[in-house]
Amino acid sequence: MFNETVLKEIEEIKARYPDRRSALLPSLYIAQREFGWLSREAMESVSKALNVPEARVRGTASFYAMYKHKPVGRHLIQLCTNISCMILGAEKLVDFLGTKYDVQPNGTSRDNRFSLVIMECIGACGTAPAMLVNTDFHDNLSEKRIEEILDKYK
Ligand code: FES
Numbered sequence: 131m132f133n134e135t136v137l138k139e140i141e142e143i144k145a146r147y148p149d150r151r152s153a154l155l156p157s158l159y160i161a162q163r164e165f166g167w168l169s170r171e172a173m174e175s176v177s178k179a180l181n182v183p184e185a186r187v188r189g190t191a192s193f194y195a196m197y198k199h200k201p202v203g204r205h206l207i208q209l210c211t212n213i214s215c216m217i218l219g220a221e222k223l224v225d226f227l228g229t230k231y232d233v234q235p236n237g238t239s240r241d242n243r244f245s246l247v248i249m250e251c252i253g254a255c256g257t258a259p260a261m262l263v264n265t266d267f268h269d270n271l272s273e274k275r276i277e278e279i280l281d282k283y284k
């Protein structure tokens, strides 16, 4: 269940639109921020806050890859292994993440620090390999650079 502060935030978003269903995507984002992922309980909370049927909430959430449908680590790494990144060593970086940080594609490290998802091109082919950590963009990746970057995500 959302706390009062979050409910107020959702009310403010709802007020921007003539149809409350238009507030569904930002409300799901807020639910994900609050609960860490979109559990059934999180989606029920969105349904109640917007007075939108749960089936519509679940149908909308399942359509978008940006929503997490299972628990993830404290930090989500999204690494591109598409052609430019692959040519410049992204697959070696996947192995490095497994060895150094105990995280495999579509998995979470045992310390729950990182989850890893393999992405298609994220539009940084000129400075590949590239990844997102949570919403932060990083490029020109190497093993050393990944260590420097991930040091900041405890
Ligand atoms: S192929 Fe990786 S960013 Fe384009």
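Numbering (the working numbering), first residue to last: 131 to 284.
All residues carry an ideal CB built from backbone N, CA and C; glycine is no exception.
Being a predicted model, the structure only gives us computed values, none of them experimental.
Next on the checklist: Contact defined as beta carbons within less than 8 Å: I believe Gly-166 pairs with Val-202. What is the distance between those atoms, to the nearest angstrom?
Outcome noted: 7 Å
Checklist entry - When the Cα atoms are used, what is the spatial distance from Lys-200 to Leu-168? => result 7 Å
Checklist entry - Can the beta-carbon of Val-182 be found closer than 8 Å to that of Glu-164? => result no
Checklist entry - Going by the C-beta, is Ile-276 closer than 7 Å to any heavy atom of ligand 1? => result no
Item to check | beta strand (DSSP E) runs wholly inside the region 223-266, at least 3 long, in chain order | outcome: 244-249, 261-263
Item to check | 7 Å Cβ shell around Glu-174 - same chain, five flanking residues per side excluded | outcome: Glu-184
Checklist entry - How many Å lie between Val-233 and Cys-255 at the Cα? => result 24 Å
Checklist entry - Distance, Cα to Cα, Leu-206 vs Asn-264? => result 5 Å
Next on the checklist: For a quick check, are the C-beta atoms of Gln-162 and Lys-198 less than 8 Å apart?
Outcome noted: yes
Next on the checklist: For Ala-220, tell me which candidate among Ala-153, Tyr-147, Val-247 has the shortest Cα-Cα distance.
Outcome noted: Val-247
Item to check | Residues near Tyr-194 in its chain [Cβ-Cβ closer than 7 Å; skip 5 each side] | outcome: none
Checklist entry - How about Leu-155 and Val-176: do their beta carbons lie closer than 8 Å? => result no
Checklist entry - Say the cut is 7 Å; is the CB of Ser-214 nearer than that to a heavy atom of ligand 1? => result yes
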